[in-house]
């Protein structure tokens, strides 16, 4: 390396191992769920981050790249429906106080909230959209619990990776 090469210092942990925005967005969700970030800083973008994290995670877990029409990316509703079908094929277990039924309920709740917070329409043009701090905190915690339930190994490895200080 050249003595004159620029060097970046004090990068946030997720950027040190940066491979994709999934890790960055999941770190934001986890930090808020663990109360490391203030509500006022994340309230405007975290619901959309949660939607992106869930869509990315479920797309990978289900190996789905396109919706059934093969002409666009799968939406959260399509991915949740696919995950629910997969739950029928696996044994019910409890992980972090959540089982299959709890995961299904939380996924559907997350979809409802993320649809409202992430999508606009002409009907919402004059609507004041508000998600309370408590509701957003539950939203973040549900996301983490569902990911941990579906793939606990993935969750533990990602958490260790994005928490690492190199």
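Residue numbers (the working numbering): 3 to 168. Built from N, CA and C at the ideal position, the CB exists for glycine as well. Being a predicted model, the structure only gives us computed values, none of them experimental.
When you compare the CB positions of residue 164 and residue 25, do they come within less than 7 Å of one another, or not?
yes
So, helix, strand or coil for residue 100, using DSSP?
In the structure shown, residue 100 falls within a strand segment according to DSSP collapsed to helix, strand and coil.
Alpha carbon of residue 67 to alpha carbon of residue 57, nearest angstrom:
10 Å
In angstroms with no decimal places, state the Cα-to-Cα distance between residue 35 and residue 73.
35 Å
For the candidate residues 64, 132 and 28, whose alpha-carbon lies nearest to that of residue 89?
64
So within the region 47-86, which uninterrupted alpha helix (DSSP H) runs reach at least 4 residues, ignoring any that extend past its ends?
48-64
Taking 7 Å as the threshold (C-beta atoms), are residue 112 and residue 81 in contact?
no
Give the DSSP-derived three-state secondary structure of residue 107 in the structure shown.
helix
Nearest to residue 109 by CA position, among 94, 161, 141 and 137, is which residue?
141
Beta carbon of residue 98 nearer than 7 Å to that of residue 150:
yes
Just mark residue 43 as buried or exposed, buried being the case when its beta carbon has 16 or more other beta carbons within 10 Å.
exposed
If you draw a straight line from the C-alpha of residue 69 to the C-alpha of residue 86, how long is it?
Cα to Cα, the separation comes out at about 16 Å.
Here's the rule: buried if 16 or more other CB atoms are within 10 angstroms of the residue's CB, otherwise exposed. What is residue 76?
buried
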